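So the sequences go chain by chain: D and X.
Sequential numbering of the first sequence, starting at 1, is according to the working numbering.
Sequential numbering of the second sequence, starting at 366, is according to the working numbering.
We treat Cβ as the ideally placed atom computed from N, Cα and C, and that holds for glycine.
Fair warning: this is a prediction, and the values are worked out from it, not measured in the lab.
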Amino acid sequence: MPLKLGPAGVPLSCKGRTIVEGMDDITALGLEAMEIQTVRPVQPKHFDQYWQAGILSWDSGIEMNLHGPYYAELLGKRRERNRSLAKMEASMQAGKIINARHLVYHVGPYGEYDPGTEANEQVANIFSGIVDRVREIWGEQDEDAYTAFPWISEQEPSLVGIETSGRQELWGTVEEVLEVCNHVEGTVPVLNIGHIHARGHGSMRTSEDYAELFDMVRENYGGSRFYCHFAGIEHRMGNALHYTQIKKSDLKFEPFAEFLAEEGDWMDITIISDSPLLEHDAMYMMQHYDKARQRLMEIRARDERRIKLAKESGLTPEELELLEQETADARRREDSEDTKPAKASAKAPSKMMSFDAPEDDDDLF
Amino acid sequence: MEQGVRMIALGDPEGSDKASQLIAIASSLGLKSSIITSNPGENFESFNHGAIDWKEKMAMAHWVVNSASMVTAGPSPAMAWSASMTFAELEGCRNVMIVDMPSDPESISMVWGQVIEKVRQIHVLFFTSASLDAISKLEGSDGPDFLSRVREKTMIPLVCGYSESDSCAKVAHALDNIQAQSSGESEGLRWLAGFLKSLPLSGAGIEGIRAAALWE
């Protein structure tokens with residue numbers, strides 16, 4: 001299964017602070033993706049840095065992604081919406097230069113809309129315009145641009161990611177995001193697991209919860225490409241309060257790793273760590289994924305061995321498993337019997353009255 | 366074990382930045398506090414920030430204070446600024462960010478952009494009066510609920526600011542917004558020092574935050 005992990009920003013441990021230096025660190029850490037935040041205002045020096053990063057990503061295969069403004073009000077009044085769109089424009093321009101595979105955006109508060117079809121239609125209209133604008137930007141180039149940006153001719157334009165929100169008053173439940181993505185070609189759902197967990201009052205606890213989530217996405221949206229954010233999160237009353245390290249949160253990565261290892265073969269997934277410990281937690285996730293895969297391989301190897309042995313001894317694997325179970329039980333019984341006489345002999349010499357009550361199966365207490 | 370709230374800050378050797386000023390005030394209020402800066406004779410702009418033993422400096426510290434304008438002080442302070450927040454996160458200290466005006470007001474947009482990149486690591490964000498005006502204009506949101514909006518946008522647990530016009534410190538938290546009349550000494554830094562001193566001891570929940578905010 002293709003799984004790419006990376007931090008949301010230049011790694012904290014990076015000596016330099018440029019994107020290219022950050023990408024070098026990411027490669028050294030064995031990570032394969034990066035999401036960068038658009039700085040504002042975008043100045044020519046930033047474009048130069050973005051272009052260098054784009055070239056490096058083209059050569060090295062690191063997946064670059066871009067996060068739009070950290071907050072938007074796309075469902076606000078015209079003035080607020082236009083202000084948000086103006087901020088987004090810079091990230092769309094930068095997305096082409098950096099060869100971003102995803103441009104990630106928030107929608108913001110419901111504003112004057114109630115959750116439902118009307119709000120979703122409005123979001124779909126806005127994102128339809130955003131997708132058109134991204135394609136327009138990718139289409140705007142002269143002959144020289146093909147040399148400078150080889151990905152323009154050989155790659156598809158950036159996909160527009162719509163991120164799930166972590167608060168009740170913000171547009172962006174999983175269902176809402178999926179509905180809009182279904183209606184607007186060129187958009188993809190960005191599953192912020194921390195947000196989904198917070199909004200669902202701590203819903204992402206077991207690997208089954210992840211199976212349910214990704215099944216829902218597969219059924220409603222289709223496709224096998226996924227883009228996720230993962231970080232520890234503090235939440236209350238269905239609202240995200242604060243990002244934390246994964247270790248300090250009730251949102252654990254182990255169940256997600258278990259799900260990916262066991263059932264994620266069909267998925268092509270990028271997971272971005274937006275925890276306060278960016279790359280540290282990305283590495284932590286990678287380790288847990290490797291562990292889960294290792295565990296799964298061990299289980300599979302044991303099962304294969306059992307099948308092979310069963311064939312050799314003329315039993316079915318189930319019969320052999322039962323036999324193994326019985327043998328193990330018998331061995332356990334033998335072991336416990338070996339220890340019993342030792343205990344008995346320790347007690348035997350004493351002729352004093354014992355206050356130890358004899359075992360009474362009827363006495364529930 | 367040594368008792369009491371402890372605070373450290375990254376500051377310039379002259380002590381002219383807001384984090385150093387906060388430390389000076391905090392010391393006068395009885396907080397155990399210290400400043401991390403370049404060695405004597407070293408150029409602050411290019412001091413050897415790799416030599417700082419953050420783990421040792423942060424031992425037993427509750428708060429690690431930084432001022433936003435430190436990112437404009439040169440490459441070394443900017444890197445130390447970033448590293449301090451990561452180490453604070455790793456060592457279990459809380460990051461406090463004072464958003465102040467840089468010496469070149471034109472660079473406020475860049476400075477604010479750098480703070481935004483770090484929002485996940487910040488626990489207390491404090492705007493001085495001047496920066497409150499500048500950032501609210503920059504964000505196009507200059508209403509009375511600006512602090513709450515920043516908190517909602519960034520998910521920083523405590524967003525505070527001092528307003529000179531009404532001599533009032535404000536705290537935006539997920540559970541409530543609190544206002545506290547303040548003497549306004551040192552652009553609200555005295556209030557902030559007292560708030561940080563009281564907060565770890567004032568109890569849990571919004572009542573604890575309220576009690577700490579009203580310390581004056």
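Apply the 10 Å Cβ neighbour rule to D/Lys308 and answer buried if 16 or more other Cβ atoms are within range, or exposed otherwise.
Indexing the first sequence from 1 puts residue 308 of chain D at position 308. It counts as exposed.
Would you decide whether D/Lys15 is buried or exposed? Buried here means 16 or more other CB atoms lie within 10 Å of its CB.
Numbered from its first residue, the first sequence carries residue 15 of chain D at position 15. Result: exposed.
Who are the neighbours of D/Tyr71 on chain X, taking C-beta pairs under 7 angstroms?
Within the first sequence, the letter at position 71 stands for residue 71 of chain D. Residues of chain X passing the Cβ test: Lys518.
Whole angstroms is fine: what's the gap from D/Ala257's alpha carbon to X/His488's?
Within the first sequence, numbered from 1, the residue matching residue 257 of chain D stands at position 257. Within the second sequence, numbered from 1, the residue matching residue 488 of chain X stands at position 123. Rounded to the nearest whole angstrom, the CA to CA distance from D/Ala257 to X/His488 is 29 angstroms.
Interface positions of the stretch 249-280 of chain D facing chain X (Cβ-Cβ less than 9 angstroms), listed along the chain
Listed by position along the chain: Asp274, Ser275, Pro276, Leu277, Leu278 and His280.
Going by other Cβ atoms of all chains shown within 10 Å of its Cβ, with 16 needed for buried, is D/Leu260 buried or exposed?
Counting from one through the first sequence, the residue named residue 260 of chain D turns up at place 260. Buried, since its Cβ has 16 or more Cβ neighbours within 10 Å.
If we call anything under 8 angstroms between Cβ atoms a contact, is X/Ala389 one with X/Asn431?
As a first step, residue 389 of chain X must be located in the second sequence, where it is residue number 24. As a first step, residue 431 of chain X must be located in the second sequence, where it is residue number 66. Contact: no.
Determine, for X/Gly439, whether the minimum Cβ-Cβ distance to residues of chain D falls below 8 angstroms.
Here residue 439 of chain X refers to the residue found at position 74 of the second sequence. In terms of beta-carbon proximity, X/Gly439 stays away from the interface with chain D, with every pair separated by 8 angstroms or more.
At least three beta-carbon pairs within less than 8 angstroms, the stretch 99-113 of chain D to the stretch 155-162 of chain D:
The answer is yes - the stretch 155-162 of chain D touches the stretch 99-113 of chain D, with three or more Cβ pairs under 8 angstroms.
Using the C-alpha atoms, what's the distance from X/Ala495 back to D/Leu12?
In the first sequence, counting from the first residue as 1, residue 12 of chain D sits at position 12. In the second sequence, counting from the first residue as 1, residue 495 of chain X sits at position 130. Taking the straight line joining both Cα atoms gives about 30 angstroms.
Taking only beta-carbon atoms, is X/Ser449 less than 8 angstroms away from chain D?
Translated into the one-based positions of the second sequence, residue 449 of chain X becomes position 84. Judged by the 8 angstroms Cβ criterion, X/Ser449 is not in contact with chain D.
With 8 angstroms as the threshold, decide whether the Cβ of X/Ala539 is near any Cβ in chain D.
Counted from its first residue, the second sequence places residue 539 of chain X at position 174. Chain D contact via Cβ: present.
Tell me whether X/Phe560 sits in a helix, a strand or coil according to DSSP, three-state version.
In the second sequence, residue 560 of chain X corresponds to position 195, counting from 1. It is helical.
Nearest-angstrom Cα distance between D/Asn182 and D/Tyr221?
Position 182 of the first sequence holds residue 182 of chain D. Position 221 of the first sequence holds residue 221 of chain D. If you take the alpha carbons of D/Asn182 and D/Tyr221, they lie about 6 angstroms apart.
In the structure shown, what three-state DSSP assignment does X/Lys483 receive?
Taking the second sequence and counting its residues from 1, one reaches residue 483 of chain X at position 118. Reduced to three states, the DSSP call for X/Lys483 is coil.
Beta-carbon spacing of D/Asp281, D/Ile246 below 8 angstroms
Numbered from its first residue, the first sequence carries residue 281 of chain D at position 281. Numbered from its first residue, the first sequence carries residue 246 of chain D at position 246. With a cutoff of 8 angstroms on beta-carbon distance, D/Asp281 and D/Ile246 are scored as near each other.
Please name the residue, chosen from D/Gly22, D/Ala231, D/Asp59 and D/Leu323, that lies closest to D/Phe149 on a Cα-to-Cα basis.
The count along the first sequence starts at 1 and reaches residue 149 of chain D at position 149. In this structure, D/Asp59 is the residue among D/Gly22, D/Ala231, D/Asp59 and D/Leu323 with its C-alpha nearest to the C-alpha of D/Phe149.
Assuming D/Val188 contacts D/Gly161 under a Cβ cut-off of 8 angstroms, what Cβ separation, rounded to an integer in Å, is found between them?
If you number the first sequence from 1, residue 188 of chain D lands on position 188. If you number the first sequence from 1, residue 161 of chain D lands on position 161. Correct: roughly 5 angstroms between the Cβ atoms.
Are there 16 or more other CB atoms within 10 angstroms of the CB of X/Trp428, so buried, or fewer, so exposed?
Here residue 428 of chain X is taken as the residue at index 63 of the second sequence, counted from 1. That one is buried.
Contacts around X/Trp419, its chain only, beta-carbon distance under 6 angstroms, and the 5 residues preceding and following it disregarded
For this step, residue 419 of chain X is matched to residue 54 along the second sequence. Here the set comprises Phe452.
Using a Cβ cut-off of 9 angstroms, pull out every chain D residue sitting near X/Arg575, in sequence order please.
Position 210 of the second sequence, counted from the first residue, corresponds to residue 575 of chain X. The contacting residues do not exist; X/Arg575 stays about 17 angstroms from chain D at best.
Can you confirm whether D/Ala240, when its beta carbon is compared against all beta carbons of chain X, has any partner nearer than 8 angstroms?
Here residue 240 of chain D is taken as the residue at index 240 of the first sequence, counted from 1. Judged by the 8 angstroms Cβ criterion, D/Ala240 is in contact with chain X.
Who does D/Val104 pair with in a DSSP beta bridge?
Translated into positions along the first sequence, residue 104 of chain D becomes position 104. Looking at the DSSP assignment, D/Val104 forms a beta bridge with D/His67 and D/Gly161.
Please determine if the stretch 205-224 of chain D and the stretch 273-280 of chain D are in contact, where contact requires at least 3 C-beta pairs separated by less than 8 angstroms.
As far as the Cβ criterion goes, the stretch 205-224 of chain D does not touch the stretch 273-280 of chain D, which means the pair count is below three.
D/His183 in three-state terms, based on DSSP
On the first sequence, position 183 is the one that residue 183 of chain D refers to. Looking at D/His183 - three-state DSSP - the assignment turns out to be helix.
Looking only at C-alpha atoms, which of D/Leu277, D/Asn65, D/Lys96 and D/Val10 sits nearest to X/Glu454?
Taking the first residue of the second sequence as 1, we reach residue 454 of chain X at position 89. Selection D/Leu277, D/Asn65, D/Lys96 and D/Val10 evaluated against X/Glu454 yields D/Leu277 as nearest (Cα-Cα).
In the stretch 456-483 of chain X, which residues sit with their C-beta less than 7 angstroms from some C-beta in chain D, listed in chain order?
Listed by position, the residues of the stretch 456-483 of chain X near chain D (Cβ gap below 7 angstroms) are Ser474, Gly478, Ile481 and Glu482.
Does X/Gly505 have its Cβ less than 8 angstroms from a Cβ in chain D?
Within the second sequence, residue 505 of chain X is the residue found at index 140, counting from 1. It does: the Cβ of X/Gly505 has a partner Cβ on chain D nearer than 8 angstroms.
In its own chain, which residues sit with a C-beta less than 6 angstroms from the C-beta of D/His67, not counting the 5 before and 5 after it?
Locating residue 67 of chain D in the first sequence gives position 67, counting from the first residue. Excluding positions up to five away in sequence, the list reads Glu35, Gln37 and Val104.
Do the CB positions of D/Gly108 and D/Leu56 come within less than 8 angstroms of each other?
On the first sequence, residue 108 of chain D is found 108 positions in, with the first residue counted as 1. On the first sequence, residue 56 of chain D is found 56 positions in, with the first residue counted as 1. The answer is no: Cβ separation not under 8 angstroms.
Neighbourhood of X/Asp382 by C-beta distance below 8 angstroms, restricted to the same chain and skipping five residues each side:
By 1-based counting over the second sequence, the position of residue 382 of chain X is 17. The residues are Gly376, Ser432, Ser434, Met435, Ala438 and Asp465.
Considering only residues of the same chain and omitting the five flanking positions on each side of D/Glu262, which have a CB-CB separation below 8 angstroms?
Numbered from its first residue, the first sequence carries residue 262 of chain D at position 262. Once the five neighbours on either side are set aside, the close Cβ partners of D/Glu262 are Ser207, Ala292 and Leu296.
My understanding is that X/Leu561 touches X/Val461, with C-beta atoms under 8 angstroms, so please give their C-beta distance in whole angstroms.
Here residue 561 of chain X refers to the residue found at position 196 of the second sequence. Here residue 461 of chain X refers to the residue found at position 96 of the second sequence. X/Leu561 to X/Val461, Cβ: 7 angstroms. Contact.
So with Cβ pairs under 8 angstroms, would you call D/Tyr243 a contact of chain X?
Along the first sequence, read from residue 1 onward, the residue named residue 243 of chain D stands at position 243. It does: the Cβ of D/Tyr243 has a partner Cβ on chain X nearer than 8 angstroms.
Give a yes or no on whether the minimum CB-CB distance between X/Asp382 and chain D is below 8 angstroms.
Residue mapping note: residue 382 of chain X aligns to position 17 of the second sequence, counting from 1. Contact with chain D is absent for X/Asp382, since none of that chain's Cβ atoms lies less than 8 angstroms from the residue's Cβ.
First and last residue of the uninterrupted beta strand (DSSP E) at X/Tyr527
Counted from its first residue, the second sequence places residue 527 of chain X at position 162. Note, X/Tyr527: beta strand (DSSP E), Leu523 to Ser528.
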